[in-house]
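Engineer: First, the structure itself, so that you have it in front of you.
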Amino acid sequence: MGKADDFDQVFKSLKPLLEAHAPRLLVKADTDAAYYLDTHAIMQNKQPLFFGSVQIKKTYVSYYLMPVYIFPDLLEGMSPVLKKRMQGKSCFNFTAVDEAQLSELAALTDAGMARYEQQGMLEGTYKI
-15 MGKADDFDQV
-5 FKSLKPLLEA
5 HAPRLLVKAD
15 TDAAYYLDTH
25 AIMQNKQPLF
35 FGSVQIKKTY
45 VSYYLMPVYI
55 FPDLLEGMSP
65 VLKKRMQGKS
75 CFNFTAVDEA
85 QLSELAALTD
95 AGMARYEQQG
105 MLEGTYKI
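Numbering (my numbering), first residue to last: -15 to 112.
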């Protein structure tokens, strides 16, 4: 199996973590290499508030989760293994993924969605 096949498998493992929340969000992209979700909330710049995405890049697969940028306390207690995958404040890069990482990232994504909902960030207008 080549790198492209490996990345396809990683993408297919990560995408369902976001897809679980798609019914309440806007699907902005859904291709073989990118899956992108926005909320229905409109920010001051007249753009929808970003929720998350997964994208195949040249050397890794990126999983972006905006709630952890807005609410960094969501990262408290994160495992060192997943923390090692972080690039910046809201991006996790993978070349391979295991079940423990998937499970932890799924819980983090669910917590992010719950926080967005709790803060009224799924619809209406919102200032960041």
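Each residue gets a CB set at the ideal place from its N, CA and C atoms; glycine is no exception.
All values derive from a computational prediction rather than experimental measurement.
Do residue 85 and residue 77 count as a contact pair if the criterion is CB distance below 7 Å?
Structural biologist: No, these two residues do not count as a Cβ contact at 7 Å.
Engineer: So for residue -5, helix, strand or coil by DSSP?
Structural biologist: It is helical.
Engineer: If you reduce the DSSP assignment to three classes, tell me which class residue 49 lands in.
Structural biologist: The answer is strand: DSSP assigns residue 49 an E or B state.
Engineer: Since I believe residue 67 is in contact with residue 53 (beta carbons under 8 Å), could you give me their beta-carbon distance rounded to a whole number of angstroms?
Structural biologist: About 15 Å separates the two Cβ atoms, so there is no contact after all.
Engineer: Please work out which residues of its chain come closer than 8 Å, Cβ to Cβ, to residue 3, disregarding the five sequence neighbours upstream and downstream, and give them in chain order.
Structural biologist: The answer, listed in chain order, is 19.
Engineer: List the DSSP bridge partners of residue 29.
Structural biologist: In DSSP, residue 29 forms no bridge with anything.
Engineer: Is the beta carbon of residue 75 sitting closer than 7 Å to the one on residue 46?
Structural biologist: It is a contact, given that the beta carbons lie within the stated cut-off.
Engineer: Taking the straight line between their C-alpha atoms, what separation do you get for residue 100 and residue 25?
Structural biologist: About 10 Å.
Engineer: Over what stretch of residues does the alpha helix (DSSP H) that includes residue 65 continue unbroken?
Structural biologist: It spans 64 to 68 - the alpha helix (DSSP H) in which residue 65 sits, taken as one unbroken run.
Engineer: Could you tell me the distance, in whole angstroms, from the CA atom of residue 97 to the CA atom of residue -8?
Structural biologist: Spanning the two alpha carbons is a distance of roughly 25 Å.
Engineer: Residues bridged to residue 76 by DSSP?
Structural biologist: Answer is 47 and 70.
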